[in-house]
Each structure stands twice: as C-alpha cells, then as structure tokens.
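All residue numbers for the sequence shown refer to our numbering, where the first residue is 386 and numbers rise by one. Each residue gets a CB set at the ideal place from its N, CA and C atoms; glycine is no exception.
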Amino acid sequence: MYCTTDPLNDKDRDAQGKWVFHKIPQLRSLDLVNWEYVGDAFQSVPGYAASSAGLWAPDVVYSAAHDKYYLFFVVTDTTATTCASDSAIGVATSDKPTGPWKFSDAPVIGPRKDTSNPDPCAFQWTYDPDVLGDSVGTDSVLYYGSYSGGIFARTVTLTADGATVGGDEKRITIGDRYEGANVVSHDGAYYLFASATNCCNGALTGYSVFAGRSTSPFGPFVDREGQSLLDTRAGGTPVISMNGNRWMGPGHNTVFQDAAGQWWTVYHAVDQSHPFFESATGFTKRPALLDPLDWVDGWPTVRGGLWASDGKMPSPAARDGFKSRYRTKRVPPHTLGKRTAAASDELDGSTLSASWSWVRPPDASTYGIADGTFRFEVQKADLHIDTNNASLLTRPAPKGDYVVETRVRIDVPAEGCCFNSAQAGLVLYGDDDNYIKLTVTSMGETRQTEFAKERAPVPTGHARYGNTVAGPSSRDWTYLRIAVERLTGEARRAAGGDTVAYTAYTSQNGTDWVRGGTWTHALTNPRIGLAAMGGGGKFTAGFDYVRVYSMW
Numbered sequence: 386m387y388c389t390t391d392p393l394n395d396k397d398r399d400a401q402g403k404w405v406f407h408k409i410p411q412l413r414s415l416d417l418v419n420w421e422y423v424g425d426a427f428q429s430v431p432g433y434a435a436s437s438a439g440l441w442a443p444d445v446v447y448s449a450a451h452d453k454y455y456l457f458f459v460v461t462d463t464t465a466t467t468c469a470s471d472s473a474i475g476v477a478t479s480d481k482p483t484g485p486w487k488f489s490d491a492p493v494i495g496p497r498k499d500t501s502n503p504d505p506c507a508f509q510w511t512y513d514p515d516v517l518g519d520s521v522g523t524d525s526v527l528y529y530g531s532y533s534g535g536i537f538a539r540t541v542t543l544t545a546d547g548a549t550v551g552g553d554e555k556r557i558t559i560g561d562r563y564e565g566a567n568v569v570s571h572d573g574a575y576y577l578f579a580s581a582t583n584c585c586n587g588a589l590t591g592y593s594v595f596a597g598r599s600t601s602p603f604g605p606f607v608d609r610e611g612q613s614l615l616d617t618r619a620g621g622t623p624v625i626s627m628n629g630n631r632w633m634g635p636g637h638n639t640v641f642q643d644a645a646g647q648w649w650t651v652y653h654a655v656d657q658s659h660p661f662f663e664s665a666t667g668f669t670k671r672p673a674l675l676d677p678l679d680w681v682d683g684w685p686t687v688r689g690g691l692w693a694s695d696g697k698m699p700s701p702a703a704r705d706g707f708k709s710r711y712r713t714k715r716v717p718p719h720t721l722g723k724r725t726a727a728a729s730d731e732l733d734g735s736t737l738s739a740s741w742s743w744v745r746p747p748d749a750s751t752y753g754i755a756d757g758t759f760r761f762e763v764q765k766a767d768l769h770i771d772t773n774n775a776s777l778l779t780r781p782a783p784k785g786d787y788v789v790e791t792r793v794r795i796d797v798p799a800e801g802c803c804f805n806s807a808q809a810g811l812v813l814y815g816d817d818d819n820y821i822k823l824t825v826t827s828m829g830e831t832r833q834t835e836f837a838k839e840r841a842p843v844p845t846g847h848a849r850y851g852n853t854v855a856g857p858s859s860r861d862w863t864y865l866r867i868a869v870e871r872l873t874g875e876a877r878r879a880a881g882g883d884t885v886a887y888t889a890y891t892s893q894n895g896t897d898w899v900r901g902g903t904w905t906h907a908l909t910n911p912r913i914g915l916a917a918m919g920g921g922g923k924f925t926a927g928f929d930y931v932r933v934y935s936m937w
C-alpha cells in the first residue's frame, strides 16, 4: 500500500517534535489486514520539482514487458514557472515494489494552465494519477485531474526508464465536482470511481465516492440514471458516503479483487470522535479503511449499500487457495408509509396556510402561490455559520420517524459559471446554527444536490458546517427527500451522542431515487423549512408541494 504525505499516526514526529511529512510511505502485508511500514519511496523530490513540493496520491503498476514497477505521483509545485500552483504528474521506476525508485528526468504530465483564468499563476490541478490496470504490458490509460478543470484521460506508454503520453487528453468529468479517479474493468465495462466535496473538514467531512460506467476507458461515463459525469447536472452513482456511524467522509478509494475474486476497496475516512491528529486541532486525520465492494444490478456499492463498517469483518482472501467468508447483505430501504396530511401541503391555494410561519419574513412581493406552485425569489442572503440573514418558510415537523419530500426548481442558467451558492430546497431547522439542508445548488460549472449540516457550539477549531452531495439534479424539477430516523443505543453512541439520523434521497423524475449520505444531529424542536438563498443575480425558485410520510 502506498500513501500520501500525512503522518502515519499521532506519534509520527521527528526529534524536534515536528510532524513527519512523508515522501510516499510504503506498507506491506501478508493478509491485507495487518500492515508494516517499510520506509518512504523517496528521500528527495525530483529535479523538476520545487524544493518545498509535496509528493501526493501515488499509483503503482507493474509492466511484464519491462519487468519493472512504475510509481506515478503528484508533484504539487514544479520549477516550470515561478508560480506555486503549477502541479504535475511524475513517475519513478524500480525492479521491486518497494524500491529503490529512480525518478524520470521530466514529468509525465506537466503543469497545465487554466486558460479560462487570466491570472498567470492559475493552473488546472494536475493531481491524482491512476493507470488503468495493476499489471500492464506497455500501453494503458492514465487518468489525472481534480476539481479545478476536471478529470482527464490520456494514452500512456511505459518505457524502460519511465512513461510517455500520446494523443490529446480527453476530459471525462466536469470541473468543480470530482477528484481521485480510479478506473477498473468489470463485466465488459469500465467503471470510474471518483470522490467529491471536502476531504478534510474534521468531524463534518462529507467526502464521498461516486461511480460512472462506460464501454470505453475514455468515456463518456454515465451513472445509473444515465446522467453523464461531464454534464452540468453532474452524474455519479453513490458508492460510499456517510452512513450514520463514526466514519465521516469516506473517499479517495482504490478497488481491487482478492485471490478468490471478491472485490474490495481501500479508502480513507475520518473518525468523528477523534477527527484531528493529537494536539493539532484542524489537522484532519484520515486513516485507511478496508471494506468489501459489491456489484448490485451492475453498479458498485460498498457492503451492499451499508457502506463503512465499524466492527469486525471477514478478511479478504490474501493468497491463492484462500476464501473470504464475506457475504453480501443489502442495505434495507427507507419504506414510505401513509402520507401525514396534517404535516403536508400541496401548495395549491392562493395564499399560504396558517401552518406556515417565517423566520425573518421577506418582502411580500418576493413570494407567493400561483398555478399550484410556491414562488420564492432567491435571496442575496445565506444561512451559513455567522451569516444568518436568509428567510425560511417553516412549519412544525412531526414526532418520530418520517420522510419529508418536495419538488423544486430554480431558474439559474442551465450552463455556465459562476452563480455560486444560489440554491433552493429543504431545511430541517433547529435554529440558525443547527440544521440539516438538502438543496439544488449552483457550484462553479455545476448544478448539484447539496446535503449539508451545521451545528453549534463546537470546540474551538472544529468545523461548524459540512457538506456532501447526492444524486444528480434535473434541468427542470428535482425531487428531494430526507428520511428522518431516531437513534437509540449503540447507534446513538456511534453517532457521537446525536439523537437522529437524516438520509438524503434525490430523483430526477419522482420514481427513480438515489440514496445519498447520512448526517446525524440533535436538533431541538426542528421545523420543516423551505429556503431559496445564496449567490448573485435575480433568480426564482418554485416549490410544487411539501409531503410528509410515516416510515415503516
């Protein structure tokens, strides 16, 4: 296993007590469970790297044609320019999987200028290399890229002393959505795994993995709903997100098959009870986790949709002749019961019913009901940490477990950047600093479904706001649901004492639903709310209904 630059554990400090930042730590194992650190891959940086550059996100492949191992990595800063953000992809070779490694003289992929930005030091993020296949001959596909610019694919040829790329790069994901690509072949198709949102936000890290599928390693990759990962309404089928236990932000994964053919994934996540390195508040600790990967109706999901484990699990078959005792168990769906009429509103009248009330009432000209739709102008306001000036339309939430659903649209332009944070959707509102929200949100080039949590008070240096994303939004109406479940016993302890789990669902048509991540919270007397806020420009949101259901 090859890791990024972070310290290995809470005790990984030098003689002066400073954190040790590694140049790609290497670990080995006989059983894929117990790992031994065997040193860093490098003691220095390559000649084309700035002296202060980090070496991140390694990927290793073996070439039978050359009988060599190839270690690809990110160089965060090169000497190609005087800028500090001109990242590149490097490669080194070795006769053995743990070195010694020899750098190639030049990067495989050099710094790439962001031509949409006039800043001379604006570069696309040339991060996160991944070579298709663990064992290749001489030719394969190299994937790289991140939020700034998107993820790209390019033909790569392994040589005796490094690698060269040919042809033009091909974009396979839209910018502002994904990083950490890993592509594998399965049952005649190619699957792209990629991670979204913030990797490193302490106990509110919402990092998650999504998948797309293609008949070609160069894409186009589409999700289970048929949505392209290149689309403004970014596609991506969830592979793993938060599930309500202690593990937050599972992401930047690698998938592989064990000796018996069972698929597994290694990823990092954050323990919400110990989110930071010891005595280093704000420095998010991301241990590596291992879980089985299942293929359900042609789509990958960790543990049958149960996602991150938090207890003993059957181990992989680490050697030929071994078998894993893992058996797939599917996550049970949230099943809707009867609609709760008293908590629901079809928004069909000419005025709002008396069950609704405003938090910070807006000007009466900015909202109203007509043609069976509640119209709400998007405010240049927000509900985010210390900026709490947005108006919310709220009504009492029912007691117990329930599901709340709305159908929403927002007339932000279908394409283009940047209408950042213009959003509309549901809020489960405790107060201005404690809530859960699920909205259709404009983010850079994209229009995504954002699922977020804010809480206060928190210890000094801890995050108050965290977000993840769910299924793709629609160019017209997007359907949003939040499933609300009370937590008891061990589930409450695993959630850090939170009392309720909130799970996101999204749909483009009201029939086919995508299950997203789960936040937990302890909201006091929460209310169901509608919000339309954020961003500049004059936009309007429409809400078709608010429906509340009991849950079986």
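Assuming Q893 and T863 are in contact, meaning their beta carbons sit under 8 Å apart, how far apart are those beta carbons, in whole angstroms? 7 Å
Can you pull the DSSP bridge partners for R832? S827
Out of Y454, L674 and A596, which one is the CA nearest neighbour of K697? L674
To the nearest angstrom, how far is it from the Cα of Y422 to the Cα of N394? 11 Å
One question on the structure: do P635 and D656 come within less than 9 Å of each other, judged by their Cβ atoms? no
Using DSSP with H/G/I as helix, E/B as strand and the rest coil, what is G646? coil
Examine the Cβ distances between the region 470 to 481 and the region 490 to 499 and report whether three or more of them are shorter than 8 Å. yes
In or out: I795 buried (at least 16 other Cβ within 10 Å) or exposed? buried
Which residue from G757, S525, P718 and R745 puts its Cα closest to that of T736? G757
Closest to W684 by CA distance: which of G597, G629, A799 and S700 is it? G597
Cβ of M828 within 9 Å of Cβ of E839? no
Only counting the same chain, and skipping five residues up and downstream in sequence, which positions put a Cβ closer than 6 Å to that of P368? Here the chain has residues from 386 to 937 only, and residue 368 is not among them.
Counting C-beta neighbours from all protein chains within 10 Å, is the total for R871 16 or more, i.e. buried, or is it exposed? exposed
Beta strand (DSSP E) runs wholly inside the region 620 to 667, at least 3 long, in chain order: 622 to 625, 632 to 642 and 648 to 656
Spell out a yes or no on whether the region 545 to 560 and the region 472 to 488 are touching, meaning 3 or more CB-CB pairs, one atom from each, closer than 8 Å. yes
Between the alpha carbons of D705 and G604, how many angstroms are there, rounded? 34 Å
According to DSSP, what are the bridge partners of G402? Answer is none; G402 lacks a bridge partner.
Tell me the DSSP bridge mates of V459? W441 and I474
Neighbourhood of V797 by C-beta, 6 Å cutoff - its chain only, sequence neighbours within 5 removed: F804, A807, S827 and F924
In chain order, which continuous runs of the beta strand (DSSP E) of length 3 or greater are located wholly inside the region 839 to 879? 850 to 854 and 863 to 871
Examine the Cβ distances between the region 653 to 667 and the region 611 to 623 and report whether three or more of them are shorter than 8 Å. no
Classify R745 as buried or exposed, calling it buried when 16 or more other Cβ atoms lie within 10 Å of its own Cβ. exposed
Is T751 helix, strand or coil by DSSP? helix
Using the DSSP secondary-structure output, state which residues sit across from A673 in a beta bridge. H653
Of the choices T725, T909, A766 and S520, whose alpha-carbon is the least far from that of M918? A766
By the 10 Å Cβ neighbour count, where 16 or more other Cβ atoms means buried, how is R715 classified, buried or exposed? exposed
Compare the Cα-Cα distances from V789 to each of A450, S935, T582 and I536 and report the closest residue. S935
Validate contact between the region 908 to 916 and the region 813 to 825 using beta carbons, cut 8 Å, 3 pairs: yes
Quick check on G587: does DSSP put it in helix, strand or coil? helix
Candidates M386, K403 and P410, of which the one nearest E663 by Cα: K403
Just list the beta strand (DSSP E) runs in the region 674 to 745, keeping only unbroken ones of 3 residues or longer that don't cross its boundaries, in chain order. 684 to 687, 721 to 724 and 742 to 744
Flag this pair as yes or no: are the beta carbons of S750 and R780 separated by less than 9 Å? no
Check this for me: beta carbons of E610 and D897, under 9 Å apart or not? yes
Residue of D504, P505 and P485 minimising C-alpha distance to Q428: P485
Near A442, what residues of its chain come up, given a Cβ to Cβ distance below 8 Å and the 5 sequence neighbours on each side ignored? T389, F458, V459, Y512, D513, P514, G565 and H637
Measuring straight from C-alpha to C-alpha, what distance separates Y528 and F928? 40 Å
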